[in-house]
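In our numbering, the protein residues as written are 1046 to 1168.
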Amino acid sequence: MKAVRRWQGLATTGSVLALALGALALMPGAAVASTHACGNHTIVIEQETEPGKPKTKYKLPIKQIVTQGVSCTSAYKVITAFYGGKPTEGFKCGSGKFKVPKYTIPQQCTKPGKKIQFAGQGG
């Protein structure tokens, strides 16, 4: 009788351990839930070509915008600031390492807990 109780205790402990490990395995899924695929977007950059003349507007297509922990609207603002040479709201931007379409350059802007990946115009 004592042997049966011992096995029941071990089975209960094993079940609780399996449930705890299962819950731990699902926790990284919460970070994935905040990932957004924002698609493609065209930004407009204004640059001064000659002093005294109006600024010239250039349209720049941005492809494969994917965000994590950031809304698409905020990502558009950060990308526009990045290409316009303005502050990027605390994001650190640079080259990324992920697949992008031909003739584009992988770019990534990160901030603790937040990430924006996009394919910028390139050659």
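Every residue gets a Cβ at the ideal spot worked out from N, C-alpha and C, and that includes glycine. For clarity, every value in this text was computed on a predicted model and none was experimentally measured.
Close-in-space but distant-in-sequence residues of the same chain around residue i (CB under 7 Å, 5 per side omitted)
i     : result
K1159 : Q1113, G1114, V1115
Buried versus exposed, by CB contacts within 10 Å (16 or more), residue i
i     : result
V1089 : exposed
I1124 : buried
Q1053 : exposed
Y1128 : buried
T1133 : buried
I1150 : exposed
G1130 : exposed
A1082 : exposed
Q1152 : buried
G1165 : buried
Q1092 : exposed
A1076 : Confidence in A1076 is poor, its pLDDT being 46 and thus under 50, which makes the residue's placement unreliable; the coordinate value appears in the next sentence. Exposed: under 16 other Cβ atoms inside 10 Å.
Beta bridge counterpart(s) of residue i as assigned by DSSP
i     : result
Q1113 : T1080, K1160
Q1092 : T1101
G1165 : I1150
Residues of its chain near residue i, where Cβ-Cβ distance is below 8 Å and the 5 sequence neighbours each way are ignored
i     : result
K1100 : E1091, Q1092, E1093, T1094
For the structure I just gave you, are there three or more beta carbon pairs, one from the stretch 1142-1150 and one from the stretch 1120-1128, closer than 8 Å?
Counting C-beta pairs with one atom in each stretch, the stretch 1142-1150 and the stretch 1120-1128 have fewer than three that are closer than 8 Å, which means they do not touch.
Kindly provide the ranges of any beta strand (DSSP E) runs that are 3 or more residues long and lie completely inside the stretch 1107-1155, ordered along the chain.
Here the runs fully enclosed are 1137-1140.
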